[in-house]
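Asks:
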Amino acid sequence: MLRARFAEDKLASLYRAGRIVGGVYLGRGQEALSAAGGVALRKGDVFAPLIRDMAGRLAFGEPLIDVMRTYLGSRLGPMKGRDGNIHRGDLARGILPMISHLGAMVSATAGVLLAKRMKKEKGSVGLTCLGDGATSTGSFHEGLNVAAVEKLPLVVVVADNAYAYSTPKDRQFACADLLDRAKGYGIEGEGVDGTDPEACLDVLGRAVQKAREGSGPQLVVGRLLRLCGHGEHDDGLYVEKELKNSERGRDCLSVMEKMTQDRGMGKDWEKWKEAAHQEVEEAVKKASEEPVPDPFEEDWRATRTQGAAEAWVEE
Amino acid sequence: MLRARFAEDKLASLYRAGRIVGGVYLGRGQEALSAAGGVALRKGDVFAPLIRDMAGRLAFGEPLIDVMRTYLGSRLGPMKGRDGNIHRGDLARGILPMISHLGAMVSATAGVLLAKRMKKEKGSVGLTCLGDGATSTGSFHEGLNVAAVEKLPLVVVVADNAYAYSTPKDRQFACADLLDRAKGYGIEGEGVDGTDPEACLDVLGRAVQKAREGSGPQLVVGRLLRLCGHGEHDDGLYVEKELKNSERGRDCLSVMEKMTQDRGMGKDWEKWKEAAHQEVEEAVKKASEEPVPDPFEEDWRATRTQGAAEAWVEE
Amino acid sequence: MSITYLDAIRAAQEKALRDDPSVFIYGQDVGKFGGAFKATKNLAEKYPGRVIDSPISEDAMVGLAVGAAMEGMKPVVEMQFADFSTVGLNQMLNHAATTYWRTGRPCPMVLRLPSGGTPGSGPFHSQSMETIYSHYPGLVVMTPATVEDAYSMLLEAIGMEDPVVFCEHKLLYYHLKAEALPSEAVPAFRAHVARPGRDVTCVAYSAMVHEALAAAEELAGEGHEIEVVDLRTVKPLDTDTILASVARTGRLLAVGESWPWGGASAEVVARVASEGFELLDAPPQRLNAKDTPIPYHPNLWAAHRPTAVRIAAALREVLRY
Amino acid sequence: MSITYLDAIRAAQEKALRDDPSVFIYGQDVGKFGGAFKATKNLAEKYPGRVIDSPISEDAMVGLAVGAAMEGMKPVVEMQFADFSTVGLNQMLNHAATTYWRTGRPCPMVLRLPSGGTPGSGPFHSQSMETIYSHYPGLVVMTPATVEDAYSMLLEAIGMEDPVVFCEHKLLYYHLKAEALPSEAVPAFRAHVARPGRDVTCVAYSAMVHEALAAAEELAGEGHEIEVVDLRTVKPLDTDTILASVARTGRLLAVGESWPWGGASAEVVARVASEGFELLDAPPQRLNAKDTPIPYHPNLWAAHRPTAVRIAAALREVLRY
Ligand SMILES: Cc1ncc(C[n+]2csc(CCOP(=O)(O)OP(=O)(O)O)c2C)c(N)n1
Ligand SMILES: Cc1ncc(C[n+]2csc(CCOP(=O)(O)OP(=O)(O)O)c2C)c(N)n1
Ligand SMILES: [Mg+2]
Ligand SMILES: [Mg+2]
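Protein chains in written order, with my numbering: chain A, 1 to 315; chain B, 316 to 630; chain C, 631 to 951; chain D, 952 to 1272.
1) Of all the CB atoms in chain A, is at least one closer than 8 angstroms to the CB of GLU457 of chain B?
2) With H, G and I counted as helix, E and B as strand and the rest as coil, what does DSSP make of THR195 of chain A?
3) Kindly examine ligand 3 and report whether one of its heavy atoms sits closer than 7 angstroms to the Cβ of GLY131 of chain A.
4) Look at the alpha carbon of ASN720 of chain C and the alpha carbon of LYS267 of chain A, and state the distance between them as a whole number of angstroms.
5) For the beta strand (DSSP E) containing VAL740 of chain C, name the first residue and the last one.
6) Within the same chain, show all residues whose beta-carbon is closer than 7 angstroms to that of SER215 of chain A, passing over the 5 residues directly before and after it, in chain order.
7) Counting along the chain, where does the alpha helix (DSSP H) carrying GLN964 of chain D start and finish?
8) Is the closest heavy atom of ligand 2 to the C-beta of SER1066 of chain D under 7 angstroms?
9) Evaluate the contact criterion for the segment 675-692 of chain C versus the segment 653-667 of chain C: three or more CB pairs, one atom per stretch, below 8 angstroms.
10) For a contact defined as C-beta to C-beta under 8 angstroms, what are the partners of ARG486 of chain B on chain G?
11) Near ASP637 of chain C, what residues of its chain come up, given a Cβ to Cβ distance below 6 angstroms and the 5 sequence neighbours on each side ignored?
12) Does the segment 322-329 of chain B touch the segment 451-459 of chain B, meaning 3 or more C-beta pairs lie closer than 8 angstroms?
13) Measuring CB to CB, does VAL1154 of chain D end up less than 8 angstroms from ALA1205 of chain D?
14) Around the Cβ of GLY264 of chain A, are there at least 16 other Cβ atoms within 10 angstroms (buried) or fewer (exposed)?
15) Pop quiz: GLY506 of chain B and ALA479 of chain B are said to be a contact at Cβ under 8 angstroms. What is the actual Cβ separation, rounded to whole angstroms?
16) Cβ of MET1159 of chain D within 8 angstroms of Cβ of GLU1226 of chain D?
17) At the level of alpha carbons, what is the spacing between GLY438 of chain B and LEU428 of chain B?
18) Do you know offhand how far ILE1177 of chain D's Cα is from ILE1193 of chain D's?
19) With C-beta atoms as the reference, is GLY338 of chain B less than 8 angstroms away from GLY546 of chain B?
20) Give, in chain order, every unbroken run of the beta strand (DSSP E) that is at least 3 residues long and sits entirely within the segment 120-165 of chain A.
21) Could you name the residues of chain B that PHE988 of chain D contacts, counting a contact when the two beta carbons are closer than 9 angstroms?
22) By how many angstroms is the C-alpha of PRO1246 of chain D removed from the C-alpha of ILE335 of chain B?
23) Just to check, is the beta-carbon of ASN1239 of chain D closer than 7 angstroms to a non-hydrogen atom of ligand 3?
24) Spell out whether any CB of chain A is found under 8 angstroms from the CB atom of GLY800 of chain C.
25) Given a threshold of 16 other Cβ atoms within 10 Å of its Cβ, counted over all protein chains shown, does GLN621 of chain B qualify as buried or as exposed?
26) Could you check whether the Cβ of LYS676 of chain C sits closer than 8 angstroms to any Cβ belonging to chain A?
27) For a cutoff of 8 angstroms on Cβ pairs, would you count ASN400 of chain B as touching chain C?
28) First and last residue of the beta strand (DSSP E) that includes GLU1029 of chain D?
29) Under a Cβ-count criterion, where at least 16 other Cβ atoms within 10 Å of its own Cβ denotes burial, should GLY44 of chain A be classed as buried or exposed?
30) Opposite PRO793 of chain C in the DSSP bridges: which residues?
31) Give the DSSP-derived three-state secondary structure of CYS543 of chain B in the structure shown.
32) Who are TYR656 of chain C's beta bridge partners in DSSP?
33) For GLU848 of chain C, which residues does DSSP report across the bridge?
34) Which chain A residues sit within Cβ distance under 8 angstroms of SER687 of chain C?
35) Going by beta carbon distance, what residues of the same chain come within less than 8 angstroms of ILE584 of chain B, once the five residues before and after it are set aside?
36) Let me know if GLY27 of chain A comes out buried or exposed under the rule of 16 or more other beta-carbons within 10 Å of its beta-carbon.
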């Protein structure tokens, strides 16, 4: 969480300094929920993060250097500069490279899990994240329904931050709570206070566990606010003051800090902060010095099969 | 209902005789639910039927001759031979011409209702029908959600006949009952025995009434079976015997006949049958004698604006 | 006063809302927020109830517009980015586009697509989608290149009784400026000679018009007169204007920002080859983006799309023949 | 033994299931029922758990296949009709097609599209969608015209490491027959001279190959030798074979069953005009369906699509020049 927050703070300032390639979309205030997902997963699992999941990514094991490589346009990043920032992924590590179209990753993650089942790879879980707004997409519906029909070990985490960009939830859906959708898919669901790190760990741990044990898809709805604009170009002024000042508007990181102090670990917290800071700075420095993509060296071929294949002959 | 049944029986035999242009998809066994929708609506309302809604169409006022014109390829049909059969519609009468893509009519019907509201045309209801299988489409989800957000007077009738073509419901969704979806959209829903004509009239009457009074979208799920193949090319052998022999497999028309007889209206029933038969035969005869489309007279232009428009000048 | 391409789009929508009560705007964040690009800024306040925030449901957004259009309204739907319109494509291609021919009744609506590449926006926020929409019958597809056209063509689009796909180029939103909004305009279906010349006809549309003009300027320095034809609308395509130009120049280069296989540039070359074969003194050529997803890194992006430099090189090739 | 085009498709899937444990089939009603057209008949029984009925969720069907392909499986997805693939299009164009270039990892999957018009099937059960899929980078698009190709190309498609769109023509399903399945085949990316000739090159693909062959036969009676080139795969396009043919004949007619704006026929004409200008003795021409939705009534349908009669007329025009 700390690394995520500092990394994002750094990205925001680099963005303001004009040093970022592309846009910057942050997960400020949503770290607890996101990180809990990454923590609950283990190696061999699949993680399909969305735009606000820096914390979950790092918790799941994404190297910080890969983050900075993407934002700073290094050619050594996981997407080689072809795609970037929030879309970065690393199939070898089990991180799916998201496409922008909201909802699309739900069925894709289900597909990975179906493949694992067919390959008789047991015990893997898939976890995908999205926002409250993304639940309005047909993709979300189709994907979750398919996962339910196949009873796949898929955890879908909805970060309900009450807004989709500027659109408040009453313009997005008419149900009282997105958790009300679980029953319609015949799956289990649990809500959680997304500003409470311990509750998040608890609920996500349980959801992942259930999925792993064969209980089928799990829906988790975390209630929280994003404590930043939609992207760094946005001031987010449309978020209602009342909401901001409510419990929901708490900063999960402050909650975490207080918790740590209450447990007499205030010194550790400071140490962690220091370490995280340093790690971020080092990654930024390293990535900044790396080569950028070169169009002349680039392989401009979008398919792996090139030209005419060899004649096909029945063996 | 009688007219629908006879019309469809006739179409089935014409299909076997090779006299039908295109396919034939029937609503046998689903007439009670479908007709109840047509009956509950009134002039000025909008009806978006699907492939098994002959009964609802006729009850809503679609002329039988237009039915036969489409199936027999008359040029005088509402779609002039350009599109046909189950896709026929008549915007002037409030019958939306469906496209094949399942789920697509939900948002379109919502759009008609939104337009009526913006035009300050009050009191109109829209009713759209679909099958259990069509609830798996993203279109259904997006359309119903949008209607709920806008609180439109839309009634969505799901004819749950336990199969989508050959696919049984446990391969289609994992919820116990499709009615469980209503809450997730924040709307009201009611289930009904689709083989019971009185219950259908009752439930659909109420749903339409509620929508008309401003209670927002209504979901109605009718449980029944289709007593025919998916289309007339299909024998429907995949439908489980047990299900066929259950209450759900009753023929709503037999139920209706018995009800009529029980009320001492047996003679009337016979008279209605006779009249319906005759009407169907006459429509078939008339439509058969009408001219077919002529490609040389056809207007092959897919847009209304043709060629270069006149220069635009600010008034 | 100085008016941007984006201002023009906003102004056209405002005028349409003012003049025609059947017009309304529907899209994500278009209401109080004024849209992701601010193309509807202040319109919700001025026209209450007629500038409506939609859920993230592109299929339903277009479907709803189809229904509303059939019922006599004139919806203007904003996609947040053109790229997301794939999700609403079925309703556009199979519903909006087929309604008039199938039923004889019009389906007047406009789908606004913030299109085209900008540095760093990558594979899913950079697409030009006119090819897909133009291929299917029943749609009008406009691709304005100037501030004036953005205004007058959008007004014409909203006034039309057909479904119109309005491809706005994001790269032009802020930089392209004009002194004033036009009070009259060439009809949207007519192509426009943006720069006269007699050596090569360079057909372009949308942002590529400006790259073509820059290339023409460059070649003027080398003594060549390039005629730049701005298609303005790609479906229907104004073949007459193109052929008239090729009749003058005898040479053709068609430029498109979208991918090479089967886009507007292929259509232009095919038409000229078929209908204007004898006018040609050299093989008609095309220039498009590379056949890969649109790269995120600006270095790669600059090499992926046709630019003035690449257009100039292609024009020199055509001239060399 | 007599094998239909549909049998060949079924046989190829069976062979793939047998030979490669990573292959599975996913689609509506493909399981016990064997698919709407019976292209997967008996396969579920023979390969339990590997021929899977899907809900009516085209977006999720393709999305699921993308995920499975990224995880090393080789999914074959059947759309019930090509026309419904618009609903799954986003996952195909933006997810399947971009994965390899974006990540360097393959996304091997096949999307089977029962395509093309048959009498009475109307606007939503008759479409040919190769244009849309070919325009976007990252996909291979196959359009087999013969029983042999249906078999060998589908096998090649399933074996390929790229996402392949496999456009099968419904009109050929039952009528087209061969004596036996091939045991070797021309590579899928190579076009094939289906009938040699020296007067005009007629480029076609899918069902249009047979209309072109019939037209060629008709013109043979008038003393003209038409060379029919079957594209087989429209993306990538085998320009070499086309140019070699035009080098022999000097004349070109490109035929496509899809709509006129920007399809494979436009691409063929544009390439020949650009790369083979000097080979041409006459303007290269195109023939396509009319630019309206596909009519339901057989009378209208027959006039809407290119037929042997219309192709013959177009060929005579090309010869007359
Ligand atoms: C299909 C689709 N439509 C539109 C967008 C543009 N878009 C990107 S993020 C966003 C808002 C998402 O809101 P939500 O799902 O609540 O997530 P949050 O930003 O609140 O974390 C929108 C509309 C998109 N990415 N995909
Ligand atoms: C988007 C889409 N996918 C596939 C189809 C093909 N199709 C037509 S009817 C049908 C089955 C529909 O099942 P259901 O909704 O339960 O209705 P029923 O036939 O049982 O009345 C299918 C798969 C279609 N029309 N649209
Ligand atoms: Mg949100
Ligand atoms: Mg059903």
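Even for Gly, the Cβ is constructed at its ideal location relative to N, Cα and C.
Replies: According to the structure data:
1) For the purposes of this step, residue 457 of chain B is taken as residue 142 along the second sequence, with counting starting at 1. For GLU457 of chain B, the answer is yes, since a Cβ of chain A falls inside 8 angstroms of its Cβ.
2) Residue numbering aside, residue 195 of chain A sits at position 195 when the first sequence is read from its first letter. In the structure shown, THR195 of chain A sits in coil (DSSP, three-state: anything other than H, G, I, E or B).
3) As a first step, residue 131 of chain A is located in the first sequence; it is residue number 131 there, counting from the start. True, at least one ligand heavy atom lies under 7 angstroms from that Cβ.
4) Reading the third sequence from its first residue, position 90 is the one you call residue 720 of chain C. Reading the first sequence from its first residue, position 267 is the one you call residue 267 of chain A. Cα to Cα, the separation comes out at about 58 angstroms.
5) Within the third sequence, numbered from 1, the residue matching residue 740 of chain C stands at position 110. 739-745 is the span of the beta strand (DSSP E), which, as asked, contains VAL740 of chain C.
6) In the first sequence, residue 215 of chain A corresponds to position 215, counting from 1. Here the set comprises GLU188.
7) For this step, residue 964 of chain D is matched to residue 13 along the fourth sequence. GLN964 of chain D -> alpha helix (DSSP H) spans 956-970.
8) Translated into the one-based positions of the fourth sequence, residue 1066 of chain D becomes position 115. SER1066 of chain D: no, Cβ never under 7 angstroms from ligand 2.
9) yes
10) The chain labelled as chain G is not found among the protein chains of the depicted structure, namely A, B, C and D.
11) Along the third sequence, read from residue 1 onward, the residue named residue 637 of chain C stands at position 7. Correct list: empty, nothing qualifies.
12) no
13) Along the fourth sequence, read from residue 1 onward, the residue named residue 1154 of chain D stands at position 203. Along the fourth sequence, read from residue 1 onward, the residue named residue 1205 of chain D stands at position 254. In contact: VAL1154 of chain D and ALA1205 of chain D (Cβ atoms closer than 8 angstroms).
14) Within the first sequence, the letter at position 264 stands for residue 264 of chain A. It counts as exposed.
15) Position 191 of the second sequence, counting from 1, holds the residue named residue 506 of chain B. Position 164 of the second sequence, counting from 1, holds the residue named residue 479 of chain B. With a Cβ gap of about 19 angstroms, GLY506 of chain B and ALA479 of chain B do not count as contacting.
16) Taking the fourth sequence and counting its residues from 1, the one referred to as residue 1159 of chain D is at position 208. Taking the fourth sequence and counting its residues from 1, the one referred to as residue 1226 of chain D is at position 275. No, they are not a contact pair.
17) Within the second sequence, the letter at position 123 stands for residue 438 of chain B. Within the second sequence, the letter at position 113 stands for residue 428 of chain B. C-alpha separation (whole angstroms): 10 angstroms.
18) As a position in the fourth sequence, residue 1177 of chain D is number 226, starting the count at 1. As a position in the fourth sequence, residue 1193 of chain D is number 242, starting the count at 1. Each residue's alpha carbon lies about 13 angstroms from the other.
19) For the purposes of this step, residue 338 of chain B is taken as residue 23 along the second sequence, with counting starting at 1. For the purposes of this step, residue 546 of chain B is taken as residue 231 along the second sequence, with counting starting at 1. Yes, the pair counts as a contact, with Cβ atoms nearer than the cut-off.
20) 126-131, 154-160
21) Working through the fourth sequence from its first residue, we reach residue 988 of chain D at position 37. The premise fails here: PHE988 of chain D is roughly 11 angstroms from chain B at the closest Cβ pair, so nothing lies under 9 angstroms.
22) Residue mapping note: residue 335 of chain B aligns to position 20 of the second sequence, counting from 1. Residue mapping note: residue 1246 of chain D aligns to position 295 of the fourth sequence, counting from 1. Rounded to the nearest angstrom, the two C-alpha atoms are 15 angstroms apart.
23) The residue labelled residue 1239 of chain D in the question sits at position 288 within the fourth sequence. No; taking the cut-off as 7 angstroms, the Cβ of ASN1239 of chain D has no heavy atom of ligand 3 nearer than that.
24) In the third sequence, the residue the question calls residue 800 of chain C occupies position 170. A small correction: the amino acid at residue 800 of chain C is Lys; Gly does not occupy that position in the sequence shown. No, because no Cβ of chain A sits closer than 8 angstroms to the Cβ of LYS800 of chain C.
25) As a position in the second sequence, residue 621 of chain B is number 306, starting the count at 1. The residue is exposed, with fewer than 16 neighbouring Cβ atoms inside 10 Å.
26) On the third sequence, residue 676 of chain C is found 46 positions in, with the first residue counted as 1. Answer no: the Cβ-Cβ gap between LYS676 of chain C and chain A never drops below 8 angstroms.
27) Residue numbering aside, residue 400 of chain B sits at position 85 when the second sequence is read from its first letter. It does not: the Cβ of ASN400 of chain B has no partner Cβ on chain C nearer than 8 angstroms.
28) The residue you call residue 1029 of chain D lines up with position 78 of the fourth sequence. Taken as a continuous stretch (DSSP letters only), the beta strand (DSSP E) holding GLU1029 of chain D covers 1025-1029.
29) Numbered from 1 along the first sequence, position 44 holds the residue referred to as residue 44 of chain A. The residue is exposed, with fewer than 16 neighbouring Cβ atoms inside 10 Å.
30) In the third sequence, the residue the question calls residue 793 of chain C occupies position 163. According to DSSP, which records beta bridges pairwise, PRO793 of chain C is partnered with C:MET739.
31) Residue numbering aside, residue 543 of chain B sits at position 228 when the second sequence is read from its first letter. Coil, per DSSP.
32) Along the third sequence, one-based indexing puts residue 656 of chain C at 26. BP columns for TYR656 of chain C point to C:ILE682, C:VAL707.
33) Locating residue 848 of chain C in the third sequence gives position 218, counting from the first residue. Note: GLU848 of chain C sits in no beta bridge, so no partner.
34) Taking the first residue of the third sequence as 1, we reach residue 687 of chain C at position 57. The answer, in chain order, is SER136, THR137, GLY138.
35) Within the second sequence, residue 584 of chain B is the residue found at index 269, counting from 1. According to the sequence shown, residue 584 of chain B is Trp rather than Ile. So the qualifying residues of the chain are GLU572, THR575, GLN576.
36) The residue you call residue 27 of chain A lines up with position 27 of the first sequence. Buried, because 16 or more other Cβ atoms sit within 10 Å of the Cβ of GLY27 of chain A.
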